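Chains as they are written, first to last, in numbering that gives the first Met the number 0: chain A, 0 to 154; chain B, 0 to 154.
There are 2 protein chains.
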Amino acid sequence: MSRTDEKTNWLNKTEMAAWISFIETIGDLQYSLDSDLRESSDMTSGDYQVLVYLSESPDRRTRMCDLAAQLNLTPSGLTRRLDGLVKEGSVTREVSNEDRRVQLAVLTPQGYRKLVAAAPLHVASVRHRFIDRLTTEQMKHLAAAFTSIREGLSE
Amino acid sequence: MSRTDEKTNWLNKTEMAAWISFIETIGDLQYSLDSDLRESSDMTSGDYQVLVYLSESPDRRTRMCDLAAQLNLTPSGLTRRLDGLVKEGSVTREVSNEDRRVQLAVLTPQGYRKLVAAAPLHVASVRHRFIDRLTTEQMKHLAAAFTSIREGLSE
DNA sequence: CCCATTTAGTTGCGCTCGCAACTATTGTGA
DNA sequence: TCACAATAGTTGCGAGCGCAACTAAATGGG
Numbered sequence: 000m001s002r003t004d005e006k007t008n009w010l011n012k013t014e015m016a017a018w019i020s021f022i023e024t025i026g027d028l029q030y031s032l033d034s035d036l037r038e039s040s041d042m043t044s045g046d047y048q049v050l051v052y053l054s055e056s057p058d059r060r061t062r063m064c065d066l067a068a069q070l071n072l073t074p075s076g077l078t079r080r081l082d083g084l085v086k087e088g089s090v091t092r093e094v095s096n097e098d099r100r101v102q103l104a105v106l107t108p109q110g111y112r113k114l115v116a117a118a119p120l121h122v123a124s125v126r127h128r129f130i131d132r133l134t135t136e137q138m139k140h141l142a143a144a145f146t147s148i149r150e151g152l153s154e
Numbered sequence: 000m001s002r003t004d005e006k007t008n009w010l011n012k013t014e015m016a017a018w019i020s021f022i023e024t025i026g027d028l029q030y031s032l033d034s035d036l037r038e039s040s041d042m043t044s045g046d047y048q049v050l051v052y053l054s055e056s057p058d059r060r061t062r063m064c065d066l067a068a069q070l071n072l073t074p075s076g077l078t079r080r081l082d083g084l085v086k087e088g089s090v091t092r093e094v095s096n097e098d099r100r101v102q103l104a105v106l107t108p109q110g111y112r113k114l115v116a117a118a119p120l121h122v123a124s125v126r127h128r129f130i131d132r133l134t135t136e137q138m139k140h141l142a143a144a145f146t147s148i149r150e151g152l153s154e
């Protein structure tokens, strides 16, 4: 990283303002969105992500490893998260008949109904907390900025 | 997703692009910054925040409750986080002589040295992952956008 | 065809942190 | 003054998740 400890390139005013506004906001924003989802639909945003991804997958099922990659979870983390969804009946596990190592996470009708009920409320929350605070121009700038950051991360 | 609910105000293309770019980026970004800090200075970003805040406080000490509010931690969460910092010698606890209920978290010389060593490397990481990916104009737009979002959260 | 390697997933363990209950101290109203 | 409320902090417990070790199944080089 930095090889010269003597002269650090500290952030200037503009850089600091961007950085501070970002880190001081994302925690509260995520907390608010999570609280909204918990209150309106009794689920965590993690569970919501699982249901969304499964609902968009062919036959409403995916391999565990694909799901883990999509959700940025380790295999063990995904196993535990699915345990909860299986117990409440939103998801079932099926062994793939093409590859007996893989478990398919399958969205149940009950899980789909839960997602359908939760989605409009979640969208309203995202609007209230995020979208409604931004102009169209700001949304376009923001999308460009974060896309740029994300591309930098994957080098 | 649900096409049967006509009352829901789903996100349009611009809104969706802003939202997706945001949520798909912040997880990876935080993970990268945390990994950098762990590798360069053997500390978590949570511990780093504590040291920064203490170093900027009068006499390098603060009341636990003020620290908890600043870091968005519950009292119990802060107690546990300080436990680690106390054990490694970066922070000590002192009972306030004005109010004997309050514990003061005090930054030790060793903790201060650790922060001074870590800060340039952390700034370099923030530059590499965040600042360097943005133009000056993007930084200004981003600061305005997140300030607006944060103000919305605190109503 | 076989055995080493790779891949998928689960489990034990540890870490972080929130909630509820608890102690200790300070503030307040009759 | 005294009882009760408010405030500061710690602890037991449990949820969520990463790491390392493990089993089981597929794959590939000889």
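Backbone N, C-alpha and C define an ideal beta-carbon position, used for all residues, glycine too.
Note that the structure is predicted; figures quoted are calculated from it, not measured.
Host alpha helix (DSSP H) of Thr78/B (start-end): Pro74 to Lys86
Sequence-distant residues of the same chain with beta carbon closer than 7 Å to Gly45/A, five excluded per side: Arg80
Per-residue burial, Ser40/B [other beta carbons within 10 Å of its own, 16 or more giving buried]: buried
Residue from Leu152/B, Gly88/B, Leu70/B and Ser147/B whose Cα sits closest to the Cα of Gln109/B: Gly88/B
Option nearest Thr162/B by Cα separation, candidates Leu106/A, Leu141/A and Val101/A: With chain B running from 0 to 154 in the structure shown, residue 162/B is simply not present.
Neighbourhood of Glu150/A by C-beta distance below 7 Å, restricted to the same chain and skipping five residues each side: none
Selection from Thr13/B, Thr24/B and Ala144/B that minimises the alpha carbon distance to Ile19/A: Ala144/B
Leu77/A beta carbon less than 8 Å from that of Ala67/A: yes
Buried or exposed (CB count within 10 angstroms, at least 16 for buried), Ala116/A: exposed
Chain B within 8 Å of Ala68/A, Cβ atoms only: no
Inter-stretch contact at 8 Å, needing at least 3 Cβ pairs: the segment 99-113 of chain B / the segment 24-37 of chain B: no
Beta-ladder partner(s) of Val94/A, from DSSP: Gln102/A
Within chain B, the residues that His121/A reaches when beta carbons sit closer than 9 Å: In chain order: nothing, as chain B lies at least about 10 Å away.
Contacts of Asn8/A in chain B (Cβ-Cβ under 9 Å): Pro119, Val122, Ala123 and Arg126
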